[in-house]
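Okay, structure first, notes after.
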Amino acid sequence: MGTPKGNGLVEITGENKAMDKGWFCMDLMGFLRGADWDTFHSAFQQAKSGNCPFREECKRYERTVKKRGHQLSIF
């Protein structure tokens with residue numbers, strides 16, 4: 104018997120072996136509350152590349168820079 108394959112109705116654990124390169128920041132969501140899609144998408148792409156437009160007021164960014172000396176680039 105081979106490996107089970109999903110039919111679209113049920114997700115089979117381990118079926119998709121591609122790595123998820125997702126990224127998300129709850130603080131960014133808080134800063135962008137009520138923003139339109141274009142503003143959200145632009146800010147999200149900037150933050151994902153390590154250039155968050157809210158880094159001056161973000162407490163998480165401040166803690167990271169204090170701890171490491173710089174913000175790491177994710178992608």
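Reading the sequence shown from the start, the letters are residues 104 to 178 in my numbering. No residue lacks a Cβ here, since even glycine has one placed at the ideal position from N, Cα and C.
Residue from Leu112, Cys161, Glu114 and Gly111 whose Cα sits closest to the Cα of methionine 132: Residue 132 sits at position 29 when you count from the first residue of the sequence shown. Ranked by Cα distance from methionine 132, the first of Leu112, Cys161, Glu114 and Gly111 is Cys161.
Could you have a look at alanine 150 and say whether DSSP puts it in helix, strand or coil? For the purposes of this step, residue 150 is taken as the residue at position 47 of the sequence shown. Here alanine 150 sits in helix by DSSP.
According to the neighbour-count rule (16 or more other Cβ atoms, all chains shown, within 10 Å of its Cβ), is phenylalanine 147 buried or exposed? Mapped onto the sequence shown, residue 147 falls at position 44. With 16 or more other Cβ atoms within 10 Å, it is buried.
With a threshold of 16 other CB atoms inside 10 Å of the CB of leucine 112, please say whether the residue is buried or exposed. Here residue 112 is taken as the residue at index 9 of the sequence shown, counted from 1. Exposed, since its Cβ has fewer than 16 Cβ neighbours within 10 Å.
Range of the contiguous alpha helix (DSSP H) that encloses glutamate 165: Counted from its first residue, the sequence shown places residue 165 at position 62. Residues 162 to 171.
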